[in-house]
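Quick note, the sequence shown lines up with residues 64 to 633 if you use the numbering used here.
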Amino acid sequence: MTSSSAENAKNAAINVRQELNIPVAMRDSVVLVADLYRPDTDAPVPVIVARTPYGKNTEFSYRKAMWWARRGYAFLWMDVRGRGDSEGDFRPHRDEPLDGYDTIEWAAKQPWCDGQVVTWGQSYLGYVQWLTAVEQPPSLKAMIVYVPPSDPFVEWPTGVHLPMEVCWFRLIDGRSLQYVEGIDWDAVYDHLPLLSLDEHAGFHSKHWRDDLSHSPSDTEYWGPKNYQHRFGQVDIPTMHVTGWYDDVQPATFINFTRMTKQAPTERTQRAQRLVVGPWDHGLTRRRERTLGPIDFGPGADFDLDGHELRFLDHFVKGLDNGAHADPRAQLFIMGEDQWRSEDEWPIARTKWTSLYLSSGGSANTRFGDGVLTWEQPGTDEPADTYRYDPADPVPYITSSTSHQIGGPDDYRTIEERADVLVYSTPVLETDVEVTGPVRLELFASSDAVDTDFTAKLVDVHPDGFCQRLNDGIVRGRFREGLDEERFLRPGEVYKFEVHLWSTSQVFRAGHQIRLEISSSTFPKYDRNLNTGGPLATGVESKVAENSVWHSAGHPSRLILPVIPAADVTG
């Protein structure tokens, strides 16, 4: 028997005690309900807490809790306020900070707990960990946070919810999960105004309507959902996990980077861990190696459960297993299809490299003359112009529900639209690794008072497959921030900054690096109606004529985090 087989047999032999539907009173006397799984022993152990709106009693929650209980940890699954078996009214995110604090301190005082509490969870369960952590519950000793969203408007910088989020609001409507597959979501997303997407889907969501009725500058309303300005108050070792195709990816990088610099002690700064795999928001359905049309190969395997266990055994149980000296980041390098250890983000040896946009004024479609060049244009070039019609937006390839938005999809057909500008490098003669955040400095103008500019980074394979890597958007009225609407002066050239999120891709020799620019990517983001009207209630639209400029005076450029090949040591 191998050592791993022996360990599995040993763990399987550990008895687990289940205590179901435990009432836990919050400070306002509302009772939340939890299920406990713990080693069948009288000795107290650390407890892992997961607080969920999706139902504590599922096959996944049972298997996860049993896995941990057989490795010496108690696991507490709790229905959040107003969901499942718990009392109260569900208000997404707003009651989680104090309810999380009270749950942690209640668990720490139980006879089966040794006083140390860990939080665990994905997506909503990750977001509420951060909302709780900034309240500084004394017994919280570590966190394992998967794919959490950022503060409002970081992942959706358009000033309103993504249209597809109305699907999530339907999913959590009422006290239990709702069936969302029977709704024609594509027809719903196409409806205007945004405010009534819920009713067009056949239900009424107070939460959706409340959010869309408050501008992004309303700090009183949105303030309780913000946490990313408070990392100096979080003295907690944390494992941060995301995927290159996670549709709320920026939060994990922001949180990891700021905690390594802003956490109040050097020990905690060193105790941050980052794992980024070839996964989507659902961790590619628990870490399969295939995502959409891409098979990332056997090198994509990664033992996340074992990584979690090593992390908690050291930082919570104090075992001398060497985890304190581990590199802080584990990154899967796509294209090379291997994992690599790093110690910071962005990678310190990054060479920030500009690719300049160039054309003869006809970069429309992939058959146009758009070029990405390593040299800045030395002469004036004509702008590339296209018509953006909100009634016919550029499609974003995605499934209809909000469970996952986008993936490594093939955009070659969409690049045949005249309202998509395409800029490509010549065929690469050597491999180029791009690992880190990607940014576009774009000089552009419009004949409208408000419009959007979108950007997408693409790996063009030798067979013509155009693999989306990452993308971003900037809304004209919010180009200088969400605190105030600043409308465009028609015809004036502005410098826009578009954040395309992060990726890690080795563009192989024989491939091309490509940038797509347009003014819509629907239904990932709502359509800008180009009128300057209210975002949530607007229904009237106009066609905008938008231009992208590239010349000595307007050097539009894609800024890539290139990792020099000679420095890649594995």
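Beta carbons: idealized from backbone N, C-alpha and C, even for Gly.
| query | result |
| --- | --- |
| Inter-residue spacing [alpha-carbon to alpha-carbon] between Pro313 and Pro211 | 9 Å |
| Cross-strand partners of Thr566 (DSSP beta bridge) | Gly499 |
| DSSP-derived helix/strand/coil call for Ala250 | helix |
| Backbone secondary structure at Phe232 - three-state DSSP | helix |
| Buried/exposed call for Leu637, threshold 16 Cβ in 10 Å | With the chain represented from 64 up to 633, any question about residue 637 goes unanswered, as that position is not in the structure. |
| Contacts around Glu399, its chain only, beta-carbon distance under 6 Å, and the 5 residues preceding and following it disregarded | Val569 |
| Buried versus exposed, by CB contacts within 10 Å (16 or more), Leu621 | buried |
| Simplified DSSP assignment, three categories, for Met206 | strand |
| Residues of its chain near Glu543, where Cβ-Cβ distance is below 8 Å and the 5 sequence neighbours each way are ignored | Arg549 |
| Rounded C-alpha distance that separates Ile167 from Ser581 | 47 Å |
| Identity of the residues DSSP links to Ser259 by a beta bridge | Per DSSP, none; premise fails for Ser259. |
| Rounded separation between Val338 and Pro471 - CA only | 19 Å |
| Residue range of the unbroken beta strand (DSSP E) whose run includes Asn78 | Neither: Asn78 is in no beta strand (DSSP E) and is coded neither H nor E. |
| Alpha-carbon spacing of Ala392 relative to Gly222, whole angstroms | 32 Å |
| Leu83 versus Asn318 - alpha carbon distance | 34 Å |
| Short CB-CB distance (under 9 Å) between Arg157 and chain D | Given the protein chain composition of this structure (a single chain), no chain D is represented. |
| Residue interval of the beta strand (DSSP E) (run including Ser421) | 414-421 |
| Cβ pair count under 8 Å reaching 3, the region 415-423 against the region 379-397 | no |
| Other residues of its chain near Leu563: CB distance less than 7 Å, five sequence neighbours each side excluded | Val501, Arg502, Leu503, Ala518, Leu520, Asn533, Asp534, Gly535 |
| Backbone CA spacing between Ser604 and Asp494 [nearest angstrom] | 44 Å |
| Contact set for Pro525: own chain, Cβ-Cβ below 6 Å, skip 5 residues either direction | Gly573 |
| Residue of Phe359, His156, Arg101 minimising C-alpha distance to Arg133 | Arg101 |
| Between the CA atoms of Asp443 and Ser425 - distance to the nearest angstrom | 15 Å |
| Simplified DSSP state of Val112, which is helix, strand or coil | strand |
| Residue burial classification, Leu623 (beta-carbon count within 10 angstroms, cutoff 16) | buried |
| DSSP state of Glu405 mapped onto helix, strand, coil | strand |
| Collapsed DSSP secondary structure at Arg480 in the structure displayed | coil |
| Ala615 versus Thr328 - alpha carbon distance | 47 Å |
| Helix, strand or coil at Tyr100 according to DSSP, with G and I counted as helix | strand |
| Stretch-stretch touch, CB-based, cutoff 8 Å, three pairs: the region 99-113 with the region 170-177 | yes |
| Chain-order list of residues whose beta-carbon lies under 8 Å from that of Ala386 (same chain, five-residue window excluded) | Arg373, Phe374, Asp376, His377, Phe378 |
| Own chain partners of Val243 with C-beta closer than 7 Å, once the 5 adjacent residues on each side are dropped | Cys230, Arg233, Leu234, Thr464 |
| Cβ-based neighbour list, Val110, same chain, cut-off 6 Å, excluding 5 preceding and 5 following | Ala137, Leu139, Ala170, Cys176, Val180 |
| CA-to-CA distance, Glu560 to Asp432, given in whole angstroms | 23 Å |
| Buried versus exposed, by CB contacts within 10 Å (16 or more), Val251 | buried |
| Where the beta strand (DSSP E) containing Val197 begins and where it ends | It is not in any beta strand (DSSP E) - Val197 carries neither H nor E in the DSSP assignment. |
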